[in-house]
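As given, the protein sequences belong to chains A and B, one line each in that order. Numbers 0 to 309, taken from numbering that gives the first Met the number 0, label the letters of the first sequence in order. Numbers 0 to 425, taken from numbering that gives the first Met the number 0, label the letters of the second sequence in order. We put the CB at the ideal spot given by N, CA and C, even for glycine. Predicted, not measured: the structure shown is a model, and the values here were computed from it. Working notes, beginning with the structure itself.
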Amino acid sequence: MNPGFHDLLGIEPLTAPEIAFLLDQSQPFQEIQRHPLKKLATLRGKTVCLAFFENSTRTRISFTTAASRLGADTMNLQAESSSLKKGESLLDTVRTLDAMKPDCIVMRHASSGAPHFVARHLEIPVINAGDGTHEHPTQALLDALTIRDRRGSLENLRITMIGDILHSRVARSNIHLLGRFGAHFTLCGPPQWVPRELETLAPNVRRVFAIEEALKDADVVMVLRVQTERLHEPALSVEDYILLYQLTPERMKLAPPQAIVMHPGPMIRGLEIDPAVADGPQSCVLEQVTNGLAVRMALLFQVMSIAPPS
Amino acid sequence: MLLIKNGRVIDPASRTDAQLDVLLEGGTIRDVAAGIVARDAAVFDATGLIVAPGFIDLHCHLREPGEEFKETIESGTRAAARGGFTAVCCMPNTKPVNDNAAVTRSIVERAAAVGSVRVWPIGAVTLGSKGEALAEIAAMRRAGIVAVSDDGRPVATAKLLRSAMEFCRELQLTVIDHCEDTSLSAGGVMREGPTSIRMGLHGIPACAESLAVARGVQIAELTGWKFHVAHLSCRESLDLVRRAKQKGVPVSCEVTPHHFTLTDEHIREYDTHFKMNPPLASREDRDALIEGLAEGTVDCIATDHAPHDAASKQVEFDKAPFGITGFETALPLALRELVHPGRISLMRMIELFTTGPARVLGPHVEQSRRIAKGCVADLTLFSTDRDWTFRAADSASKSKNTPFDGEKFRGGPAATIVGGEIAWKA
Numbered sequence: 000m001n002p003g004f005h006d007l008l009g010i011e012p013l014t015a016p017e018i019a020f021l022l023d024q025s026q027p028f029q030e031i032q033r034h035p036l037k038k039l040a041t042l043r044g045k046t047v048c049l050a051f052f053e054n055s056t057r058t059r060i061s062f063t064t065a066a067s068r069l070g071a072d073t074m075n076l077q078a079e080s081s082s083l084k085k086g087e088s089l090l091d092t093v094r095t096l097d098a099m100k101p102d103c104i105v106m107r108h109a110s111s112g113a114p115h116f117v118a119r120h121l122e123i124p125v126i127n128a129g130d131g132t133h134e135h136p137t138q139a140l141l142d143a144l145t146i147r148d149r150r151g152s153l154e155n156l157r158i159t160m161i162g163d164i165l166h167s168r169v170a171r172s173n174i175h176l177l178g179r180f181g182a183h184f185t186l187c188g189p190p191q192w193v194p195r196e197l198e199t200l201a202p203n204v205r206r207v208f209a210i211e212e213a214l215k216d217a218d219v220v221m222v223l224r225v226q227t228e229r230l231h232e233p234a235l236s237v238e239d240y241i242l243l244y245q246l247t248p249e250r251m252k253l254a255p256p257q258a259i260v261m262h263p264g265p266m267i268r269g270l271e272i273d274p275a276v277a278d279g280p281q282s283c284v285l286e287q288v289t290n291g292l293a294v295r296m297a298l299l300f301q302v303m304s305i306a307p308p309s
Numbered sequence: 000m001l002l003i004k005n006g007r008v009i010d011p012a013s014r015t016d017a018q019l020d021v022l023l024e025g026g027t028i029r030d031v032a033a034g035i036v037a038r039d040a041a042v043f044d045a046t047g048l049i050v051a052p053g054f055i056d057l058h059c060h061l062r063e064p065g066e067e068f069k070e071t072i073e074s075g076t077r078a079a080a081r082g083g084f085t086a087v088c089c090m091p092n093t094k095p096v097n098d099n100a101a102v103t104r105s106i107v108e109r110a111a112a113v114g115s116v117r118v119w120p121i122g123a124v125t126l127g128s129k130g131e132a133l134a135e136i137a138a139m140r141r142a143g144i145v146a147v148s149d150d151g152r153p154v155a156t157a158k159l160l161r162s163a164m165e166f167c168r169e170l171q172l173t174v175i176d177h178c179e180d181t182s183l184s185a186g187g188v189m190r191e192g193p194t195s196i197r198m199g200l201h202g203i204p205a206c207a208e209s210l211a212v213a214r215g216v217q218i219a220e221l222t223g224w225k226f227h228v229a230h231l232s233c234r235e236s237l238d239l240v241r242r243a244k245q246k247g248v249p250v251s252c253e254v255t256p257h258h259f260t261l262t263d264e265h266i267r268e269y270d271t272h273f274k275m276n277p278p279l280a281s282r283e284d285r286d287a288l289i290e291g292l293a294e295g296t297v298d299c300i301a302t303d304h305a306p307h308d309a310a311s312k313q314v315e316f317d318k319a320p321f322g323i324t325g326f327e328t329a330l331p332l333a334l335r336e337l338v339h340p341g342r343i344s345l346m347r348m349i350e351l352f353t354t355g356p357a358r359v360l361g362p363h364v365e366q367s368r369r370i371a372k373g374c375v376a377d378l379t380l381f382s383t384d385r386d387w388t389f390r391a392a393d394s395a396s397k398s399k400n401t402p403f404d405g406e407k408f409r410g411g412p413a414a415t416i417v418g419g420e421i422a423w424k425a
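Structural data, given as structure tokens:
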């Protein structure tokens with residue numbers, strides 16, 4: 000079955016079979032990451048435009064590497080680039096990039112919905128590499144691949160998310176994705192960052208404000224990045240955050256021993272997570288990074304191999 | 000002389016609802032009766048149409064002076080005429096701000112020269128609407144303003160609002176406030192709720208409005224003067240206005256057609272044509288507004304016609320300016336959403352467009368705008384059963400930023416008569 004993906008703007012519109020298809024397609028690309036020679040010629044002659052209007056290191060490098068391992072060329076727009084500084088509109092910028100005839104555009108933007116806006120105006124596939132506080136679909140896919148490898152299945156998992164859920168696009172995409180497979184979510188963090196409305200994102204979402212309670216029975220613990228700029232909003236003091244919500248080895252003992260710990264990065268050791276947990280046996284932080292390549296290779300292959308011939 | 004024949008005349012001021020002819024001469028109504036014969040008069044056959052007092056829009060933005068690429072007094076009043084409005088009150092947030100008599104005079108003169116309908120400017124409460132010092136309100140009144148507001152933003156402090164209310168009581172000018180607690184709304188682009196959470200957009204809680212309504216109500220009580228809530232959008236604000244009215248505090252409010260039609264759930268795919276301030280509310284709030292329109296707590300329907308050029312709106316949702324156009328869709332939306340489903344009567348709807356806004360402006364306006372001998376010859380003629388489709392491209396407004404492009408309607412404006420002359424007819 001090939002559902003046919005033109006764009007990937009978010010996880011929310013996808014069905015469980017579509018998600019499972021993308022994960023299945025990622026498996027052979029996981030193999031490739033273990034080969035001594037990793038470069039394929041599958042997308043030779045194709046061009047991927049990477050338009051990162053918001054700063055990014057790991058996602059940009061991951062997409063660049065994924066494209067290059069498929070044999071595609073990349074063109075890069077970076078946040079610091081001068082056209083943005085000169086006040087050019089987003090629409091003019093992407094139309095200019097499009098006129099250089101890439102076969103797909105991967106974009107990150109600080110405004111929620113910016114990829115949806117761009118997709119309405121361009122013919123070529125648009126892949127959302129993170130939009131504001133909305134979605135980060137490839138992160139959710141790579142997380143799901145990692146969970147499926149470790150746990151054997153995505154069905155009916157108990158997922159605990161800790162941190163700034165309100166502003167997290169990673170949390171939203173993961174809730175949409177794992178919710179399709181019957182997950183029960185426990186959202187934990189300072190109340191300012193865990194508003195009641197989050198309970199409407201999926202059928203089984205509860206809010207818990209004590210981390211000890213939130214960790215009980217968890218199959219997966221997702222630690223979200225604490226953006227220090229958010230701490231100045233003012234939301235709360237760094238000291239209080241660490242005191243109440245840092246994932247420490249002692250607290251991890253409250254979770255089942257087979258529970259896994261994930262973090263989308265970049266990770267600040269000593270703030271949201273204790274180094275001993277980040278480096279411990281339950282952590283899959285580096286597997287997430289490797290799986291990111293596999294998922295992004297699979298996705299680029301999907302959208303560009305079904306795109307109409309130019 | 001113009002004779003409007005065979006129409007169904009509905010005048011909320013006198014509770015008239017009858018087949019009557021109306022004879023207009025020299026800018027005033029000369030006669031209202033059945034079977035008028037006037038040999039010298041041009042005849043407008045209004046068979047099948049409603050003949051109402053001229054509609055008044057208490058809240059619009061004509062963008063002139065300063066942003067003529069979005070709208071001009073000429074294009075805006077043409078759109079107003081096409082919407083059935085005979086008089087429109089333009090907010091002072093032009094460039095420069097209408098905070099002095101010279102700007103007021105330039106608007107009045109420009110409107111007299113090129114306007115299709117009457118333009119009644121609203122002056123700024125404070126200099127530059129900056130919320131620091133009161134503007135020259137008395138001088139602007141002499142130049143032609145009909146009310147004051149710092150619309151676009153709230154009157155900055157309670158103290159300034161109090162001063163303005165006390166002074167305006169003396170000048171007999173209603174104070175209109177854009178009610179918003181900006182510390183709560185800062186950075187927000189839509190109503191806070193499940194939809195804003197799902198879309199990852201910064202939300203504005205409903206109480207950002209109602210907190211400021213509470214402030215206004217209490218200052219109206221303190222000063223004993225008229226406080227009008229612009230574009231009221233949520234249940235809590237409505238409750239505050241209802242309670243104030245029950246206590247006899249001189250408070251009034253308006254609701255826009257988009258707020259009684261749409262909710263935050265209608266915002267699709269980050270379409271900036273659904274971005275306005277106050278933002279589209281929850282379904283519960285929308286239902287409360289309809290209830291308020293029906294029971295009488297809401298005094299009038301006002302468009303908040305806010306034209307923006309395509310380039311301003313074709314951007315990321317959080318970067319787009321607030322506002323949508325509204326003149327040409329106001330009456331059709333009121334018919335479709337309120338009258339046809341039986342939520343309010345035709346009489347009540349007309350009241351919301353005529354007597355309601357006139358009363359907010361003052362008794363002198365209210366008195367002159369009935370369908371009676373000697374009153375101003377401003378009339379709005381409309382159909383309640385013509386099927387048609389609104390096309391933004393056909394709008395007379397310079398800007399096409401409407402969420403209602405392609406919407407189907409039953410009934411709408413047929414002719415707009417200003418000062419006894421046909422300003423527009425379908």
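Distance CB(residue i)-CB(residue j) smaller than 8 Å
i, j, result
"THR46 (chain B)", "ILE370 (chain B)", "no"
"CYS59 (chain B)", "VAL87 (chain B)", "yes"
"ARG248 (chain B)", "ALA219 (chain B)", "Residue 248 (chain B) is actually Val in this sequence, not Arg. Yes."
"GLY70 (chain A)", "LEU36 (chain A)", "no"
"LEU235 (chain A)", "PRO189 (chain A)", "yes"
"PHE51 (chain A)", "ALA78 (chain A)", "yes"
"GLY122 (chain B)", "ALA134 (chain B)", "yes"
"ARG107 (chain A)", "HIS133 (chain A)", "no"
"LEU170 (chain B)", "ARG140 (chain B)", "yes"
"ILE210 (chain A)", "LEU243 (chain A)", "yes"
DSSP state of residue i mapped onto helix, strand, coil
i, result
"PHE84 (chain B)", "strand"
"TRP224 (chain B)", "coil"
"LYS158 (chain B)", "helix"
"GLU315 (chain B)", "coil"
"LEU21 (chain A)", "helix"
"MET99 (chain A)", "coil"
"ASP98 (chain B)", "coil"
"GLY122 (chain B)", "strand"
"GLN32 (chain A)", "coil"
"LEU2 (chain B)", "strand"
"ALA41 (chain B)", "strand"
"ASP238 (chain B)", "helix"
"HIS304 (chain B)", "strand"
Alpha-carbon spacing of residue i relative to residue j, whole angstroms
i, j, result
"GLY75 (chain B)", "VAL237 (chain A)", "53 Å"
"PRO204 (chain B)", "MET303 (chain A)", "42 Å"
"LYS100 (chain A)", "LEU200 (chain A)", "37 Å"
"HIS183 (chain A)", "VAL204 (chain A)", "6 Å"
"ALA305 (chain B)", "LEU96 (chain A)", "33 Å"
"ILE343 (chain B)", "SER105 (chain B)", "40 Å"
"PHE180 (chain A)", "ALA217 (chain A)", "16 Å"
"PHE116 (chain A)", "GLU66 (chain B)", "26 Å"
"SER251 (chain B)", "THR103 (chain B)", "25 Å"
"ALA310 (chain B)", "THR324 (chain B)", "15 Å"
"LEU2 (chain B)", "THR85 (chain B)", "18 Å"
"GLU73 (chain B)", "GLN191 (chain A)", "49 Å"
"LEU153 (chain A)", "LYS318 (chain B)", "38 Å"
Chain-order list of residues whose beta-carbon lies under 6 Å from that of residue i (same chain, five-residue window excluded)
i, result
"GLU365 (chain B)", "ALA357, ARG358"
"SER236 (chain B)", "GLU208, SER209, VAL212"
"THR93 (chain B)", "PRO64, GLY65"
Sequence-distant residues of its chain with Cβ nearer than 7 Å to residue i (five each side left out)
i, result
"GLU350 (chain B)", "PRO11"
"PHE316 (chain B)", "VAL188, LEU200, TYR269, THR271, LYS274"
"PRO307 (chain A)", "In this prediction, PRO307 (chain A) has a pLDDT of 49, which is less than 50 and means its spatial position is unreliable; nothing more can be read from the coordinates."
Own chain, CB closer than 8 Å to residue i, minus 5 neighbours either side, in chain order
i, result
"ARG57 (chain A)", "GLY264, PRO265, VAL288, GLY291"
Length at least 4, wholly inside the stretch 172-232 of chain A: the alpha helix (DSSP H) runs in chain order = 210-214, 227-230
Minimum length 3: unbroken beta strand (DSSP E) runs contained in the stretch 246-276 of chain B = 250-254
Along the chain, which unbroken stretches of the alpha helix (DSSP H) at least 4 residues long are found entirely within the stretch 237-281 of chain A?
-> 237-244, 248-251, 274-277
Kindly provide the ranges of any beta strand (DSSP E) runs that are 3 or more residues long and lie completely inside the stretch 69-139 of chain A, ordered along the chain.
-> 72-76, 103-108, 125-130
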